[in-house]
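For the sequence shown, our numbering begins at 337 and goes up steadily by one. Below is one structure, written out as structure tokens; comments come after it.
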Amino acid sequence: MPTVNFLLPDGTEQALDVPVGWSLMEAARRDGIEGIIAECGGGAICGTCHIHVQKEWLDKLEAPGMSEAALLEIVPESSHTSRLACQVIMTDCLAGMCVRVPSEQLTL
Ligand code: FES
């Protein structure tokens, strides 16, 4: 099963097994990754699953949809590496990807 490395706000790292077809948010919630709140359950409407994807992995991802792109403009610590974890769906090509959890999520 492919693994994704989550760099946490406290500087520690956690490797998660992510089944192909799952979103990174689902795996993060399953494994209790602090900082991935996922208030809306994956609907791309809350912005509380914001992550930063390491640059070398960004072009392997589908482009953000309209709802995701709009949220990424208003999340704290937004940057060109920002994505919503609920919209990043695991594939074998993403095995070994590294993402960083920001220290703050959007509050509604
Ligand atoms: Fe709400 Fe990702 S879980 S935007």
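A virtual CB, placed ideally from N, CA and C, is assigned to each residue, including glycine. Nothing here was measured: the structure is a model prediction, and the numbers come from that model.
Close Cβ partners of LEU407 (< 6 Å) along its chain, the five nearest in sequence each way excluded: Taken in chain order, the residues that qualify are GLY383.
When THR348, GLU370, GLY378 and HIS388 are compared against SER403, the one with the closest alpha-carbon: Nearest to SER403 by C-alpha distance, out of THR348, GLU370, GLY378 and HIS388, is GLY378.
The ligand FES heavy atom lying under 6 Å from the CB of ALA380: Indeed, a heavy atom of the ligand FES lies less than 6 Å from the Cβ.
Contact the stretch 350-367 vs the stretch 394-403: 3+ CB pairs below 8 Å: Counting Cβ pairs under 8 Å, fewer than three are found: no touch.
One or two residues paired with THR339 in a DSSP bridge: Note: THR339 sits in a beta bridge opposite ASP353.
Among THR427, GLN350, MET337 and LEU344, nearest to HIS386 - alpha-carbon criterion: A check of alpha carbon separations from HIS386 across THR427, GLN350, MET337 and LEU344 identifies LEU344 as the nearest.
Cβ shell of ILE410 (< 8 Å), same chain only, five flanking positions each side left out: Hits under 8 Å: GLY383 and LEU442.
Backbone secondary structure at CYS429 - three-state DSSP: DSSP places CYS429 in helix when its eight states are reduced to three.
LYS391 and CYS429 closer than 7 Å at C-beta: No.
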